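A.B. asks: My questions will all concern the structure given below.
Protein chains: 4
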Amino acid sequence: MKEKVVLAYSGGLDTTTLIPWLKETFDYEVICCCIDCGQGNELDGLEERAKLSGASKLYIENIIDEFCDDFIMPCVKAGAVYEHKYLLGTSMARPVIAKKLVEIARKEGATTICHGATGKGNDQIRFELAIKALAPDLKIIAPWRMTDVWTIQSREDEIEYCKKHGIDLPFDHSHSYSRDRNLWHISHEGLELEDPANEPNFENMLVLGVTPEQAPEKGEYVTMTFEQGVPKTLNGKAMKVSEIITELNALGGKHGIGIVDIVENRVVGMKSRGVYETPGGTILMAAHEQLEELTLDRETMETKKKLGSQFAQVVYEGKWFTPLREAIQAFVEVTQKYVTGEVKFKLYKGNIIKAGTTSPYSLYNESLASFTTGDMYDHNDASGFITLFGLPLKVRAMMLAEVEKKNLGE
Amino acid sequence: MKEKVVLAYSGGLDTTTLIPWLKETFDYEVICCCIDCGQGNELDGLEERAKLSGASKLYIENIIDEFCDDFIMPCVKAGAVYEHKYLLGTSMARPVIAKKLVEIARKEGATTICHGATGKGNDQIRFELAIKALAPDLKIIAPWRMTDVWTIQSREDEIEYCKKHGIDLPFDHSHSYSRDRNLWHISHEGLELEDPANEPNFENMLVLGVTPEQAPEKGEYVTMTFEQGVPKTLNGKAMKVSEIITELNALGGKHGIGIVDIVENRVVGMKSRGVYETPGGTILMAAHEQLEELTLDRETMETKKKLGSQFAQVVYEGKWFTPLREAIQAFVEVTQKYVTGEVKFKLYKGNIIKAGTTSPYSLYNESLASFTTGDMYDHNDASGFITLFGLPLKVRAMMLAEVEKKNLGE
Amino acid sequence: MKEKVVLAYSGGLDTTTLIPWLKETFDYEVICCCIDCGQGNELDGLEERAKLSGASKLYIENIIDEFCDDFIMPCVKAGAVYEHKYLLGTSMARPVIAKKLVEIARKEGATTICHGATGKGNDQIRFELAIKALAPDLKIIAPWRMTDVWTIQSREDEIEYCKKHGIDLPFDHSHSYSRDRNLWHISHEGLELEDPANEPNFENMLVLGVTPEQAPEKGEYVTMTFEQGVPKTLNGKAMKVSEIITELNALGGKHGIGIVDIVENRVVGMKSRGVYETPGGTILMAAHEQLEELTLDRETMETKKKLGSQFAQVVYEGKWFTPLREAIQAFVEVTQKYVTGEVKFKLYKGNIIKAGTTSPYSLYNESLASFTTGDMYDHNDASGFITLFGLPLKVRAMMLAEVEKKNLGE
Amino acid sequence: MKEKVVLAYSGGLDTTTLIPWLKETFDYEVICCCIDCGQGNELDGLEERAKLSGASKLYIENIIDEFCDDFIMPCVKAGAVYEHKYLLGTSMARPVIAKKLVEIARKEGATTICHGATGKGNDQIRFELAIKALAPDLKIIAPWRMTDVWTIQSREDEIEYCKKHGIDLPFDHSHSYSRDRNLWHISHEGLELEDPANEPNFENMLVLGVTPEQAPEKGEYVTMTFEQGVPKTLNGKAMKVSEIITELNALGGKHGIGIVDIVENRVVGMKSRGVYETPGGTILMAAHEQLEELTLDRETMETKKKLGSQFAQVVYEGKWFTPLREAIQAFVEVTQKYVTGEVKFKLYKGNIIKAGTTSPYSLYNESLASFTTGDMYDHNDASGFITLFGLPLKVRAMMLAEVEKKNLGE
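Residue numbers (this note's numbering), protein chains in the order written: chain A, 2 to 411; chain B, 2 to 411; chain C, 2 to 411; chain D, 2 to 411.
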């Protein structure tokens, strides 16, 4: 019996070429897996396509809800944004995909997993770290790094190679940009973006929405409710998280929200430049933060922001299945206990403009904040506070004055 | 000879009332100081007004350039934003004002400084900590906290009190919002903002610009150059920092940039809600960050972001004149050595949209970032990297598998 | 019916004096509570003493196990050490005491809690913040801060006042040092310690053990086991945590372990100097850390150390009953999942010398660590790792060389 | 003309073998460099030895003072300790050695640097990152990683290889432990240490001193002075830093100070176990910290501790020549301005026992710290302080009580 390899399969030219290549080069039985995280591609006919290309089996797994609940929501609650700009759309998807690949490999008794990520990017790291953590005994094949046995250089070579192996299928034209898409976002790299001096050519690029200039002249109010940090309703209608994100994508795309142009630092040691569209995600994170402003105390919020940045790094670096990610997530979970309430905001040409927030657990105390003093706070108390709060500065200044006096006296 | 008090004087009703009150209550000779940080108020006639009210002297000090160079720029370089939203407009101004008050107190041989900040806000802390640090021997009078001797309750009381002391001056009508303004920003508190459930009434509120809705239909490109983190030219014209901020205020105000609605955590332990307009500052900080993306390495940027948040806290809490502020500033200064280059962006209805960045010190390496591999990086190297980078995860997974096996065997 | 006050009562002169004073000054019914955290004082006869002094009731609550399990152990697991030196003995005890006082106040329907902490220390803050968090409606009386109604100045005054109110009891002589003791530690302040230039007079001071000089000439091996971060056996004998600490106190005291002389920074803004004896606690924390070295991965350990320092601050500042403390504790709890194993060490004249560690969950892999290479790691992989790990430095150096070349060319 | 390679040369068997190997394998002209950081080995006769082995030249560079002033002291001032235990003895030496190698390579016009570090350790990373940062154009040869051309497997092979190439020299016997030594420390790895379950065999191992058990029965007082964080005198005698460390090494070694047994996390992803002797360094860092307790304010100290840990990581990871190291060092430098004064302590059997500290810049204020109140602090002020400091807890507790009441009412 042949060894089995589980191949992360999209149906595109690259991963289709891998089917005959894996068979020819290593004599594997190839099991294709197409993991649907909401990338929106055509799944009809995929099975025939895979089998025609020589795969023994095709799994199509819709994991959108698992992706939303167990991967996206922890990041939203953590406020995880890499380098303060990137909402981790691709980073969050890799571990959930790897988890499914491992599950299928176990079920099938496969010895190997093969992915099509390149040798310069972050995705190879994310796939492989997840696999190592979940199934350290599985072998991993990353063809694009195997320059001795993978000699195919171009799209044309791939088509040629497929034809030679009896695969004559129609493929989409080469994408202009290098892209990754799922329910949360789409990323764009390459072309004019490769020189940071260039302005992005948004007209040719955007997929999930329009630029602020193209957005409607009239803004649109949105209301959301959250319970313990999780979105529950959108404009009054109860929905599950995946539905809320879908709906927010439509709203955000329409109003030019969540387009980010960034030079980011990859794990593999280089800067790269990309444009991300995260219309719904940007709104969801802003709405969540709007509610936290009201319901988290200062020190919890401050520590959470630091850990949220670190969470983003951990996820970006592919370290999802680690004790550190679990531990930070446990921290965050505790902070969300009272992140419950309603936020209102207006979407208008790239802006998310707050329009009011309420919560039964609001820590904002109107009588305290206003200028008339209630019984919780006496203006005299402020004097005592300042005396002690400023004591270290005063002691230091007195000491320095004394030293100076002494020095002058000498 | 009478003891002298230096009074932070604005010419408004509140601080004018303090002149007779300080004389009557403590028998001080009152020296008024109006410190101009760019608040844009009318300074003509201020001297007569102060003297008529009983002051023995009025100092008018224009410190806009010192404010920009020594207080604003360190915050810009540090990327200092309090709670990720507030650009510290008021926080940065208090220490420079206090410094001037102390200088005048020393020159005049005054024993006391009096300020008009209330007992519920942060400003009392910022003024007093700065004074303690610079002149620990000076007494401080904060009338609004002295509920035993300061019995005036309302604007009407103040006018009455002035009249009784022979001061019959025209005063502006009570501001609708409680505001603080300088070259960097204007803040708004009170009225409908006191309930976070309310949407701000921007039409009545905004002073430095318009809302995104009211901004022009056509965006506007802006080019800036920086040297070692300091802005040097705007649209090709060399200017000093204060001029650049002034110009950016005009541009930002026009395009609806930099309006922030925030529930923030005060030092004195409560949440408060305010709206800030920081049109030029928002652009300046974004442009500076755009250049840093290209010129700072990952780890320096990451550590700088953490210290920048802490810098913001230190400044917010009034601890400008402390070793910690100096030490963080020294850290930041080193990071700015190569933050030199040109940034281009477009302003459009509340958005600052990047339109290209260049620097002689760019760490972005196009040949590395693109998919064709140069001689600095072999795809095989990535395999070695991942093996070591993922080693801890793999060792752990193997250990857990072994433990499980043992447990099953038992 | 009179209002009731719950008084934190030790049986000593200070708190005994408070009984008649509370009745006389405020007409309270006084309910005394003696909370036993292992301070080792005489509880016999306490009830008669309290009643004789005018209390209506005395509660004696032994909370040693709750103190150990719910307050000490979270700190041990977190590695919480304030300013890298102080093991928080007093800080951890205050919130558990306050919790009991509140419980009794609720049970008795009291309106007020009275504690005897001074106006210069941290304890007033810890008691009062805990009470505010647990029972914001309760009034708090801190007599030593009430300089208008509390006019007693000295020990002699107190004895006098007691006699005048019919209380004629024998009191211990004034302690030479100001001390606080519980199962975890004893602190010493005052006398020669008030000048940091002085060497501590350990001979007169130490209570729980001896100096290293006085310790036995022969060291002593100790073995402990932990499960999920919690100590389970000591020298092979299973015991509950409070018993283990008791036993470790004896061992540590005998061998001169855990004596710390520190100038620390109080919450109230001043430096103070104290000596702490924490014989058992020092050993317990060292043993726990010895096991973590083997069972935690690098990044988890590193983040945990940072959060552990912050946990120490939170506890030191009296903020036990806060979301931040709960959230950090949740983080720590996750990290402890595999902190299971055995540690061996030798106690000798102030030293805790490691003598071997084992764990089924050890992340130490002997085949990896030794110089002969197994199949998990190829020396070639290191080359790839270094190429990528050092890429940012190399790109930067090349860029700087290029700029220099250009500048020379000009 | 042949290409030149600069070889990091110790005179031992390993690096001597590299001379003929480099010539034979790559046809290099070999220039040997022996960099003296205080490793205490025999330098007499080294030149003949190198030349006899085929080197064209030998440089012997004594860089002890540069090592002390520019590498050790920044770490001491920063309080840089890796994983709270390791004083970075080897980590600090690698970049200064690499710097010298690069200088000599430039002077000689060499194209390549060769070092003898293995493929499993941290040192390869430290050497190579330093070389990349200082001279990105230089080639690096790390023979032990070149498994295709480096086929020598054992000490016997090396001797054989040397003999075959006409080198017949006496070599020390194989060290029992794998060691690295310089002025600051000596490290020990291998043998019984490879199993963390084993107690170290200190008797066979220690080089710089004795165990606490073997140390004298009588302690010894030491006095040191510092100026701006730099040690200036030892027991009253002015010395330069390298002399002070030398003298402290003798004192510390005698009294059993600074022996650390640690399982640490290497950069290359594995745990390793080692014993470090850092007798003088341990004392120097403790003395420096003792002075900082008195002269640094709370917040500066706290931030410095975090950055000091990060500094340790940066140095441990070989990233000395980076902007981040420079920036943290600038932070630290500012904090040292007033770290001036005298510290006294007693060395006794592994213990460093504080015996008094003084500084003209002491922030300890005796009148504040003692129980009688001076004019800087009114006990009433503490009430105001606590009211505001505890306000967030109280507001929160009131809000929760209200919610609960409402829920009960429903």
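No residue lacks a Cβ here, since even glycine has one placed at the ideal position from N, Cα and C.
The structure presented is a predicted model; accordingly, all values stated were derived computationally and were not measured.
Relative to the C-alpha of E159 of chain C, which residue among C:W22, C:K338, C:R180 is closest?
C.D. replies: C:W22
A.B. asks: Kindly give me the distance between the Cβ atoms of T358 of chain D and A198 of chain C, rounded to whole angstroms, as I take these residues to be in contact under 8 Å.
C.D. replies: 7 Å
A.B. asks: So the candidates are B:K347, B:M400, B:E300, B:N352; which of them puts its Cα closest to the Cα of I329 of chain D?
C.D. replies: The closest CA to that of I329 of chain D, considering only B:K347, B:M400, B:E300, B:N352, is found on B:E300.
A.B. asks: Can you list the residues of chain A that F390 of chain C reaches, using a CB-CB cut of under 8 Å?
C.D. replies: G270
A.B. asks: How about P171 of chain B: is its C-beta nearer than 8 Å to some C-beta of chain D?
C.D. replies: no
A.B. asks: For chain C, check one thing: does any of its Cβ atoms lie closer than 8 Å to the Cβ of V316 of chain A?
C.D. replies: no
A.B. asks: From G167 of chain C to R146 of chain C, what distance separates their C-alpha atoms?
C.D. replies: 25 Å
A.B. asks: Say whether chain A places a C-beta atom closer than 8 Å to the C-beta of S368 of chain D.
C.D. replies: So no, S368 of chain D is outside the interface.
A.B. asks: Using C-beta distances below 7 Å, list every residue in its chain close to R127 of chain D, excluding the 5 sequence neighbours before and after it, in chain order.
C.D. replies: S92, R95, P96, G319
A.B. asks: Could you tell me whether the Cβ of D71 of chain A comes closer than 8 Å to any Cβ of chain C?
C.D. replies: No, D71 of chain A lies away from the interface with chain C (no Cβ there is under 8 Å from its Cβ).
A.B. asks: Quickly, what does DSSP pair F346 of chain B with across the bridge? List them, please.
C.D. replies: The partner list for F346 of chain B (beta bridge, DSSP) reads B:V223, B:K355.
A.B. asks: Can you tell me which residues form a DSSP beta bridge with G275 of chain D?
C.D. replies: D:I263
A.B. asks: Specify, as a first and last residue, the run of the beta strand (DSSP E) that I141 of chain B falls within.
C.D. replies: 140–142
A.B. asks: Please list the terminal residues of the continuous alpha helix (DSSP H) segment that includes N408 of chain C.
C.D. replies: For N408 of chain C, the uninterrupted alpha helix (DSSP H) run begins and ends at 392–410, by DSSP.
A.B. asks: Suppose the cutoff is 8 Å on Cβ atoms and the five residues either side in sequence are ignored; what does the same chain contact list for E416 of chain B look like?
C.D. replies: The structure shown does not extend to residue 416 of chain B, since chain B spans only 2 to 411, so no value can be given for it.
A.B. asks: Looking at the secondary structure, which residues open and close the alpha helix (DSSP H) in which D124 of chain B lies?
C.D. replies: 124–135
A.B. asks: Please state the DSSP three-state secondary structure of T247 of chain B.
C.D. replies: DSSP places T247 of chain B in helix when its eight states are reduced to three.
A.B. asks: Tell me the rounded alpha-carbon separation between G120 of chain D and Y178 of chain C.
C.D. replies: Linking G120 of chain D to Y178 of chain C through their CA atoms gives a straight-line distance of about 58 Å.
A.B. asks: Under 8 Å between the Cβ atoms of V7 of chain A and I32 of chain A?
C.D. replies: yes
A.B. asks: When the cut-off is 8 Å and only beta carbons count, does W145 of chain C lie next to chain D?
C.D. replies: Proximity of W145 of chain C to chain D, defined by a Cβ-Cβ separation below 8 Å, is satisfied.
A.B. asks: Could you tell me the boundaries of the alpha helix (DSSP H) in which L295 of chain C lies?
C.D. replies: 280–296
A.B. asks: Whole angstroms are fine: how far does the CA of Y378 of chain C sit from the CA of T388 of chain B?
C.D. replies: 7 Å
A.B. asks: Listed from N- to C-terminal order along the chain, which residues in the stretch 377–388 of chain C have their beta-carbon within a distance smaller than 9 Å of any beta-carbon of chain B?
C.D. replies: Listed in sequence order: M377, Y378, D379, N381, D382, A383, S384, G385, F386, I387, T388.
A.B. asks: Secondary structure at T113 of chain B, three-state DSSP: helix, strand or coil?
C.D. replies: The answer is strand: DSSP assigns T113 of chain B an E or B state.
A.B. asks: Compare the C-alpha of I171 of chain B against each of B:H380, B:G410, B:E367, B:D15 and name the closest.
C.D. replies: First, the residue type needs correcting, since residue 171 of chain B is Pro and not Ile in the sequence shown. With distances taken between Cα atoms, P171 of chain B lies closest to B:D15.
A.B. asks: Check each residue of the stretch 123–149 of chain B: if its Cβ is closer than 7 Å to any Cβ of chain C, include it; give the result in chain order.
C.D. replies: none
A.B. asks: Tell me which same chain residues have a C-beta within less than 6 Å of the C-beta of E193 of chain B, skipping the five on either side of it?
C.D. replies: Excluding positions up to five away in sequence, the list reads N199, N202.
A.B. asks: Would you report the Cα separation of D138 of chain D and P361 of chain B, rounded to the nearest angstrom?
C.D. replies: 20 Å
A.B. asks: In chain B, what lies closer than 7 Å to T358 of chain A by C-beta?
C.D. replies: At a beta-carbon threshold of 7 Å, the residues of chain B lying near T358 of chain A are P197, A198, ordered along the chain.
A.B. asks: Between G220 of chain B and chain A, is the shortest Cβ-Cβ distance under 8 Å, so that the two count as touching?
C.D. replies: yes
A.B. asks: Output yes if chain C places a C-beta closer than 8 Å to the C-beta of D28 of chain B; else output no.
C.D. replies: For D28 of chain B, the answer is no, since every Cβ of chain C falls outside 8 Å of its Cβ.
A.B. asks: Within the continuous beta strand (DSSP E) that includes R182 of chain A, where are the two ends?
C.D. replies: 179–182
A.B. asks: Does the Cβ of Q314 of chain A have 16 or more other Cβ atoms within 10 Å, making it buried, or fewer, making it exposed?
C.D. replies: buried
A.B. asks: Are the Cβ atoms of C115 of chain D and T17 of chain D separated by less than 8 Å?
C.D. replies: no
A.B. asks: Going by DSSP, name the residue or residues bridged to S188 of chain A.
C.D. replies: A:D181, A:Y277
A.B. asks: In chain order, what residues of the same chain have a beta carbon less than 6 Å from the beta carbon of V261 of chain B, not counting five sequence neighbours either side?
C.D. replies: K86, Y277
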